[in-house]
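S.K.:
Residue numbers (the numbering used here): 4 to 572.
1) Closer than 6 angstroms by C-beta to residue 356: which residues in its own chain qualify, once you throw out the five before and the five after it? Chain order, please.
2) When DSSP builds the beta bridges, which residues end up paired with residue 540?
3) Starting from the Cα of residue 455, find the closest Cα among 498, 496 and 407 and give me that residue.
4) Are the CB atoms of residue 261 and residue 241 within a distance shorter than 7 angstroms?
5) Residue 25 and residue 274: beta carbons closer than 7 angstroms?
6) Give the secondary structure of residue 211 by DSSP, where H, G and I count as helix, E and B as strand, and everything else as coil.
7) Quick check on the burial criterion: 16 or more other C-beta atoms within 10 angstroms. Buried or exposed for residue 85?
8) Tell me the DSSP secondary structure of residue 324 in three-state form.
9) Reducing DSSP to helix, strand and coil, say where residue 136 ends up.
10) Taking residue 151 and residue 117 to be in contact with their CB atoms under 8 angstroms, please state how far apart those CB atoms are, rounded to whole angstroms.
11) Let's see if you can read the secondary structure: which residues bound the beta strand (DSSP E) around residue 227?
12) May I have the straight-line CA-CA distance separating residue 514 from residue 393, to the nearest angstrom?
13) Find the nearest neighbour of residue 531 within the set 178, 450, 322 and 511, judged by alpha-carbon distance.
14) In the DSSP output, what is residue 217 paired with across the bridge?
15) I'd like to know if the region 363 to 377 and the region 320 to 335 are in contact, where contact means that at least 3 CB-CB pairs between them fall below 8 angstroms.
16) By alpha-carbon positions, which one of 339, 35, 180 and 489 ends up nearest to residue 68?
17) Measure the C-alpha to C-alpha separation of residue 573 and residue 38 and round it to an integer number of angstroms.
18) Quick check: residue 445 and residue 468, are their CB atoms within less than 7 angstroms of each other?
19) Select from 402, 239, 410 and 398 the residue whose C-alpha is nearest the C-alpha of residue 318.
20) For residue 311, is the classification buried or exposed, using 16 other Cβ atoms within 10 angstroms of its Cβ as the cut-off for buried?
21) Could you tell me whether the Cβ of residue 152 comes closer than 7 angstroms to any Cβ of chain C?
22) I need the boundaries of the beta strand (DSSP E) containing residue 268, first residue and last residue.
23) My assumption, with CB atoms under 8 angstroms, is that residue 175 sits in contact with residue 103. Please give the rounded CB distance.
24) Is residue 161 near residue 125, with beta carbons less than 7 angstroms apart?
25) If you draw a straight line from the C-alpha of residue 76 to the C-alpha of residue 64, how long is it?
26) Could you please give the first and the last residue of the uninterrupted alpha helix (DSSP H) stretch that includes residue 406?
27) Using CA coordinates, which residue listed in 471, 478 and 438 is at the minimum distance from residue 502?
28) For the putative contact between residue 212 and residue 53, defined by C-beta atoms under 8 angstroms, what is the C-beta separation to the nearest angstrom?
29) Kindly give me the distance between the Cβ atoms of residue 563 and residue 544, rounded to whole angstroms, as I take these residues to be in contact under 8 angstroms.
30) Give me whichever residues DSSP pairs with residue 414 in a beta bridge.
31) How would you write the range of the beta strand (DSSP E) that residue 72 sits in, first residue to last?
32) If we ignore side chains and look at the alpha-carbon of each, how far apart do residue 447 and residue 440 end up?
33) Anyone know if the C-beta pair for residue 289 and residue 216 falls short of 7 angstroms?
34) Where does residue 581 fall in DSSP's three states?
35) I need the DSSP call for residue 489, collapsed to helix, strand or coil.
36) Check each candidate in 567, 566, 29 and 359 and name the one with the smallest Cα separation from residue 271.
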């Protein structure tokens with residue numbers, strides 16, 4: 004039986020708060036006129052030079068840390084090698100440490116995922132070998148040839164995964180990490196194939212400037228954010244242009260203040276007031292500048308803010324959410340697990356951001372506590388557009404939860420890399436369907452606004468909703484599934500009722516009746532359906548006495564009821 008994964012804790016800020024990140028665009032125009040020949044190359048402006056030196060410092064610090072050198076030693080040496088101030092060098096070292104730490108965490112995950120893939124590959128190989136034995140016993144040349152081709156491919160995959168697993172385990176035993184390609188492995192492969200230029204790869208390796216925040220120094224001394232006259236400006240210190248100053252009594256060389264590049268910073272309108280409030284409060288912030296291939300500068304500004312106070316109460320019930328490719332179904336239930344009608348005067352305003360065409364945002368509301376929010380474009384849109392639509396949908400769902408004052412209940416869906424295998428259909432679904440993206444967006448938004456979210460085991464929610472609640476409440480199967488999700492969050496089991504038993508018997512009688520027409524292939528009371536009813540007769544008798552874990556397991560009675568529903572359509 005498959006074990007359930009424990010819910011992972013949410014990433015928090017350094018003081019136990021949450022991370023609040025805003026992305027904007029920076030428009031630098033005026034640069035210092037003088038250059039240092041020691042650091043300057045060609046016609047590049049001082050900001051590009053600073054980014055190149057900082058990126059080189061990160062790569063240098065990464066290799067030195069792997070050699071076991073100390074941070075303080077690298078901090079002094081880095082200032083001499085790259086001409087950056089001590090804070091930029093220290094930030095580069097911390098950035099390199101983060102890369103090493105993330106690679107060590109990813110190594111353990113990669114080993115676990117590769118072991119699962121290898122186990123599945125060996126099982127498939129065993130099945131293929133059995134198919135070959137059957138083909139030989141039946142003396143079928145066509146099947147024998149096909150089985151041999153399958154075995155050849157599956158053996159190759161098993162060998163490849165075994166070699167990969169051995170390599171990863173060797174890294175883990177030796178305390179090393181796999182090779183890291185700054186600029187990206189995929190871009191480097193395209194360069195090797197001639198699909199991208201070396202200039203693009205070099206730009207990708209030296210297109211960042213990073214500075215962490217400091218509460219004692221006005222938020223961020225190197226990349227300073229200012230709000231003045233209703234506009235935001237960002238000022239970047241060009242430390243390699245700082246001129247040397249006096250030498251003190253201890254022999255320490257001091258530098259004069261570095262020149263700065265100051266320019267307008269555009270931020271999305273919905274974040275401007277929040278960022279202004281955080282700046283007024285003296286909250287430190289981290290800034291990362293990224294220069295794209297088009298020459299535009301994106302700024303990622305990150306604040307560590309306090310966790311908001313919870314504004315929901317689980318004693319009122321839950322709002323269950325079932326995710327679908329084109330929207331979400333919601334079910335409003337009370338403390339006793341039954342649907343509750345929407346409050347008087349309850350309405351969902353049309354999002355101002357969606358105005359491309361009629362029907363872009365659809366709400367199907369039923370007064371007995373069920374709701375379906377449909378965004379048709381969500382099922383086929385790509386990239387940034389889909390992410391944007393998911394964000395709009397998440398905001399609407401969280402606003403509904405805040406009006407009700409109830410926590411949310413969502414499915415704990417798992418589409419991890421370890422589940423991706425040779426099944427192209429599942430791989431495409433897991434990569435394209437926004438199930439996980441919608442739930443993640445809703446959970447992030449809810450966490451920021453003080454709404455509690457509870458994840459439940461996702462198995463058989465649609466099946467239980469189909470058999471128990473769809474016809475009773477006159478709703479679609481997705482809304483019935485949302486009701487099951489909310490009931491699970493409240494702590495209720497899905498028992499087999501007398502009404503459900505009667506429905507099963509009714510289907511059994513209908514399939515057993517003799518008809519005058521000729522029998523169809525795979526229709527009616529087939530041998531497969533007979534075996535299904537035999538299993539159901541055994542499982543229905545004991546289901547209500549099982550523990551909740553066994554009732555919701557994969558091969559519970561709900562698995563056979565799902566097969567019955569599909570076969571009787």
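Ideal placement from N, C-alpha and C gives every residue a C-beta, glycine not left out.
M.R.: In brief:
1) Along the chain shown, one-based indexing puts residue 356 at 353. Once the five neighbours on either side are set aside, the close Cβ partners of residue 356 are 395.
2) What you label residue 540 is simply residue 537 of the chain shown in a count that begins at 1. For residue 540, which the question treats as bridged, DSSP gives no partner whatsoever.
3) Your numbering for residue 455 matches position 452 in the chain shown. Per the Cα distances, 407.
4) Mapped onto the chain shown, residue 241 falls at position 238. Mapped onto the chain shown, residue 261 falls at position 258. Yes; because the gap between Cβ atoms is below 7 angstroms, this pair is in contact.
5) As a first step, residue 25 must be located in the chain shown, where it is residue number 22. As a first step, residue 274 must be located in the chain shown, where it is residue number 271. In this structure, residue 274 lies closer than 7 angstroms to residue 25 by Cβ.
6) Position 208 of the chain shown holds residue 211. Residue 211: strand per DSSP, three-state reduction.
7) Here residue 85 refers to the residue found at position 82 when the chain shown is read from its first residue. Counting Cβ neighbours within 10 Å, residue 85 comes out buried, since at least 16 surround it.
8) On the chain shown, position 321 is the one that residue 324 refers to. Three-state DSSP puts residue 324 in a strand.
9) As a working mapping, residue 136 is identified with position 133 in the chain shown. Correct three-state label for residue 136: helix.
10) Here the question's residue 151 lines up with position 148 in the chain shown. Here the question's residue 117 lines up with position 114 in the chain shown. Their Cβ separation, rounded to whole angstroms, is 27 angstroms, which puts residue 151 and residue 117 out of contact at 8 angstroms.
11) What you label residue 227 is simply residue 224 of the chain shown in a count that begins at 1. Counting along the chain, the beta strand (DSSP E) containing residue 227 begins and ends at 226 to 231.
12) Within the chain shown, numbered from 1, the residue matching residue 514 stands at position 511. Within the chain shown, numbered from 1, the residue matching residue 393 stands at position 390. The alpha-carbon atoms of residue 514 and residue 393 are separated by roughly 44 angstroms.
13) Residue mapping note: residue 531 aligns to position 528 of the chain shown, counting from 1. Measuring from the Cα of residue 531, the nearest candidate turns out to be 511.
14) Residue numbering aside, residue 217 sits at position 214 when the chain shown is read from its first letter. Per DSSP, 222.
15) yes
16) Here residue 68 refers to the residue found at position 65 of the chain shown. Ranking 339, 35, 180 and 489 by Cα distance to residue 68 puts 180 first.
17) Outside the modelled stretch of the chain, which goes from 4 to 572, sits residue 573, for which no answer is possible.
18) Stepping through the chain shown from its first residue, residue 445 is reached at position 442. Stepping through the chain shown from its first residue, residue 468 is reached at position 465. Not a contact, by the Cβ cut-off of 7 angstroms.
19) What you label residue 318 is simply residue 315 of the chain shown in a count that begins at 1. For the residues 402, 239, 410 and 398, the minimum Cα distance to residue 318 belongs to 410.
20) As a first step, residue 311 must be located in the chain shown, where it is residue number 308. When all chains shown are included, residue 311 counts as exposed.
21) In the displayed structure, chain C is absent; only one protein chain is listed.
22) As a first step, residue 268 must be located in the chain shown, where it is residue number 265. First-last of the beta strand (DSSP E) with residue 268: 263 to 269.
23) By one-based count along the chain shown, residue 175 stands at place 172. By one-based count along the chain shown, residue 103 stands at place 100. About 14 angstroms separates the two Cβ atoms, so there is no contact after all.
24) The sequence position of residue 161 within the chain shown is 158, counting from 1. The sequence position of residue 125 within the chain shown is 122, counting from 1. Contact: yes.
25) Residue 76 sits at position 73 when you count from the first residue of the chain shown. Residue 64 sits at position 61 when you count from the first residue of the chain shown. Residue 76 and residue 64: Cα-Cα distance of roughly 11 angstroms.
26) Counted from its first residue, the chain shown places residue 406 at position 403. Residues 386 to 407.
27) As a first step, residue 502 must be located in the chain shown, where it is residue number 499. The residue with the shortest Cα to Cα distance from residue 502 is 471.
28) By one-based count along the chain shown, residue 212 stands at place 209. By one-based count along the chain shown, residue 53 stands at place 50. Contact flag correct, Cβ pair sits at about 6 angstroms.
29) Here residue 563 refers to the residue found at position 560 of the chain shown. Here residue 544 refers to the residue found at position 541 of the chain shown. Not quite, the Cβ-Cβ distance comes to about 13 angstroms (not below 8 angstroms), so this is no contact.
30) If you number the chain shown from 1, residue 414 lands on position 411. DSSP, once it has assigned bridges, lists 459 as partnering residue 414.
31) Here residue 72 refers to the residue found at position 69 when the chain shown is read from its first residue. Segment: none, residue 72 is in no beta strand (DSSP E) and carries neither H nor E.
32) Translated into the one-based positions of the chain shown, residue 447 becomes position 444. Translated into the one-based positions of the chain shown, residue 440 becomes position 437. Going from the Cα of residue 447 to the Cα of residue 440 covers about 11 angstroms.
33) As a first step, residue 289 must be located in the chain shown, where it is residue number 286. As a first step, residue 216 must be located in the chain shown, where it is residue number 213. Yes, the Cβ-Cβ distance between residue 289 and residue 216 is below 7 angstroms.
34) Nothing in the structure corresponds to residue 581, since the chain is present only between 4 and 572.
35) The sequence position of residue 489 within the chain shown is 486, counting from 1. Note: residue 489 maps to helix in three-state DSSP.
36) By one-based count along the chain shown, residue 271 stands at place 268. When each option's Cα is compared against that of residue 271, the closest is 29.
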